[in-house]
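Working notes for the structure below.
There are 2 protein chains.
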Amino acid sequence: MSLQIIPVHISKEIVPGDDLIELLLETRTGKGLKEGDILVFTQKIISKQEGRKIDMSKIKPTLLAAGIGSAYAKDPRIVQLILDETKRIIRMKNGIIISETNHGLVCANAGIDESNIEAGYATLLPKNADASAQKLRRRIKSKTGKTVAVIISDTFGRPFREGQTDIAIGVSGISSIIDYAGKRDNFNRILRVTAIAIVDELCSASELVRGKTLRTPIAIIRNYKFDKKNGSLKDLLRAKSLDLFR
Amino acid sequence: MSLQIIPVHISKEIVPGDDLIELLLETRTGKGLKEGDILVFTQKIISKQEGRKIDMSKIKPTLLAAGIGSAYAKDPRIVQLILDETKRIIRMKNGIIISETNHGLVCANAGIDESNIEAGYATLLPKNADASAQKLRRRIKSKTGKTVAVIISDTFGRPFREGQTDIAIGVSGISSIIDYAGKRDNFNRILRVTAIAIVDELCSASELVRGKTLRTPIAIIRNYKFDKKNGSLKDLLRAKSLDLFR
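Residue numbers (this note's numbering), protein chains in the order written: chain U, 1 to 246; chain R, 1 to 246.
Shown next, in the form of structure tokens:
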């Protein structure tokens with residue numbers, strides 16, 4: 001059976017307190033939601049709904065932020081936001097700040113984003129995107145009676161490769177990884193590949209129908225059979241001690 | 001319109017000289033191939049068809065390979081293969097060898113794989129997967145008259161994240177990256193995201209319908225609108241000078 005990836009268009013500009021599930025269920029696609037669907041929400045819509053929007057005029061950069069900003073030709077207020085959201089700096093070069101966020105994600109600029117929001121504002125990542133995903137999943141269950149999975153997706157760069165791809169920053173109702181450890185291939189040999197980050201692949205798949213300038217903050221993935229054991233962002237974060245690049 | 005991802009089952013064990021396109025077109029899914037489809041082939045099926053299969057008993061490890069093998073509890077013949085396929089070692093720790101292959105890919109074990117092949121053998125990556133993809137695309141054109149895109153996909157790990165995902169190692173008939181540089185968002189602000197590696201996302205999407213122990217070496221992606229400008233693996237490889245992790 002073929003997998004389907006269906007874009008959901010929502011033209012309303014999301015503000016704190018909006019009921020994303022009501023907005024979803026008002027759409028034609030949302031009305032057709034099915035048991036076992038996977039819903040992928042962009043980070044941006046979640047951050048906006050949760051009020052993770054910062055008025056840049058209210059930020060007072062420390063001397064450190066001013067210093068880094070001056071060395072890297074970056075707005076010191078953005079640098080301050082990055083530092084606030086960061087556990088440790090991993091690399092700082094060529095005007096790029098790669099850090100480990102308070103959530104444990106390793107990415108550029110701590111996920112802070114000034115696009116798709118009005119001038120003078122920036123969005124931060126959701127505080128706890130697993131919890132955001134769980135809330136949305138429960139809301140769908142209570143409004144429709146249907147059990148679905150929810151993933152929160154964001155667009156990240158990667159070492160060694162050009163171009164960004166979408167990966168998961170929050171997971172609910174689906175196991176993050178398929179573990180093949182000890183499984184055997186068609187020749188009865190132990191598989192080299194031991195674990196597939198399916199939620200990252202689902203996010204990448206959903207990005208294909210979304211684009212970046214369209215108002216398509218949700219995608220529905222249908223006909224994908226998955227393990228309903230509850231996953232988490234934590235499953236996807238490699239411990240610093242096991243990482244060869246930190 | 002929703003995106004469709006359709007698995008193609010081929011049960012025949014591929015040997016050098018097999019006509020992959022004939023095998024594809026014999027399947028029910030292959031018979032339904034449409035203009036503008038994207039075909040994603042696994043690295044493994046290409047390597048087998050191109051004879052990139054190594055009889056391990058014929059490898060004579062150098063002293064260096066024997067030394068690394070002994071320090072890392074690795075088969076010295078596999079280490080020798082890795083060294084032969086490698087331009088430079090990037091990291092060597094915890095029994096893992098991350099190297100830059102002769103193609104410029106950064107990955108574990110230079111893409112050498114002992115799974116899904118009979119005991120005593122290993123597969124190497126295709127010599128030039130762009131050329132492999134182009135050959136398949138032309139063969140489809142000549143057999144069916146249809147213009148499609150072809151991508152060769154492999155499963156790679158990533159720094160910072162647990163779990164592997166599929167990415168592109170060869171591209172033909174599709175632009176590898178969508179470049180948003182200078183494009184504006186819904187608020188008329190310049191987008192933070194500048195380039196999306198859509199061929200990597202297409203590979204990840206295709207992995208979802210393939211699994212690892214099924215005989216599903218091809219996936220067809222339908223209803224994805226793309227730029228037909230010919231892409232290449234090179235578009236996806238970050239230059240060492242720009243990479244913060246080499």
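No residue lacks a Cβ here, since even glycine has one placed at the ideal position from N, Cα and C.
Chain R has a Cβ within less than 8 Å of the Cβ of L208 (chain U). Between the C-alpha atoms of T147 (chain U) and L24 (chain U) there is a straight-line separation of about 15 Å. Fully contained in the segment 100-156 of chain R are the following alpha helix (DSSP H) runs of length 4 or more, in chain order: 129-144. Straight-line spacing of the CA atoms in Q49 (chain U) and V15 (chain U) works out to 5 Å.
Ranked by how close their Cα comes to the Cα of A219 (chain R), the residues R:P7, R:M1 and R:T165 have R:P7 in first place.
Assignment of L236 (chain U) by DSSP, reduced to helix, strand and coil, places it in the helix class.
Along the segment 3-30 of chain R, the positions whose C-beta sits under 7 Å from a C-beta of chain U are L3, Q4, I5 and I6, read in chain order.
Put simply, the CB of K58 (chain U) is far from chain R, with every gap to its CB atoms at 8 Å or more. Identification of chain R residues near D130 (chain U) by a Cβ-Cβ cut-off of 9 Å yields none; the smallest Cβ-Cβ distance measures about 15 Å. Secondary structure at L244 (chain U): coil, using DSSP grouped into helix, strand and coil. Taking a contact as a CB-CB distance under 8 Å, the pair A168 (chain R) and S175 (chain R) does not count as one, their CB atoms being some 12 Å apart.
When DSSP states are grouped into helix, strand and coil, D55 (chain R) belongs to the strand group.
With a contact defined as Cβ atoms closer than 8 Å, I196 (chain U) and I38 (chain U) miss out at about 15 Å. Non-local beta-carbon contacts of D154 (chain U) in its own chain, meaning distances under 6 Å to residues more than five positions away in sequence, involve Q43 and I169 in chain order.
Within the same chain, I5 come within 6 Å of A205 (chain U) by CB-CB distance, once the 5 residues on both sides are set aside. Taking C-alpha positions only, I45 (chain R) is separated from D130 (chain R) by approximately 15 Å. With a cutoff of 8 Å on beta-carbon distance, Q80 (chain U) and T101 (chain U) are scored as not near each other. Assignment of beta-bridge partners to P61 (chain U) by DSSP yields no partner.
Closer than 8 Å to the CB of V79 (chain R) there is not a single CB belonging to chain U.
For S172 (chain U), the three-state secondary structure derived from DSSP is strand. Nearest CB-CB separation between A197 (chain R) and chain U: below the 8 Å threshold.
V8 (chain R) sits in a strand when the DSSP states are folded into three classes. Just so you know, the alpha carbons of R52 (chain U) and K60 (chain U) end up roughly 18 Å apart. Not a single C-beta of chain R is nearer than 8 Å to the C-beta of V148 (chain U). Put simply, of U:N128, U:L236, U:R161 and U:T216 the residue whose alpha carbon is nearest the alpha carbon of T29 (chain U) is U:T216. 8 Å or more divides the Cβ of I68 (chain U) from the Cβ of L244 (chain R). S172 (chain R) sits buried, since 16 or more C-beta atoms from the chains shown fall within 10 Å of its C-beta.
Contact note: Y72 (chain R) does not reach chain U at a C-beta cutoff of 8 Å; the least C-beta distance is about 13 Å.
For the pair I82 (chain R) and N109 (chain R), the Cα-to-Cα distance works out to about 6 Å. A residue is called buried when at least 16 other Cβ atoms come within 10 angstroms of its Cβ; H9 (chain R) does not meet this threshold and is exposed. At a cut-off of 8 Å between beta carbons, D166 (chain U) contacts chain R. Taking 8 Å as the CB threshold, P126 (chain U) stays off the interface with chain R. Secondary structure note for A205 (chain U): its alpha helix (DSSP H) is the uninterrupted segment I198 to R210. Secondary structure of R158 (chain U) (DSSP, three-state): coil.
Listed in chain order, the non-local C-beta contacts of A149 (chain U) below 6 Å within the same chain comprise I38, G173 and I174, local neighbours out to five positions each way being set aside.
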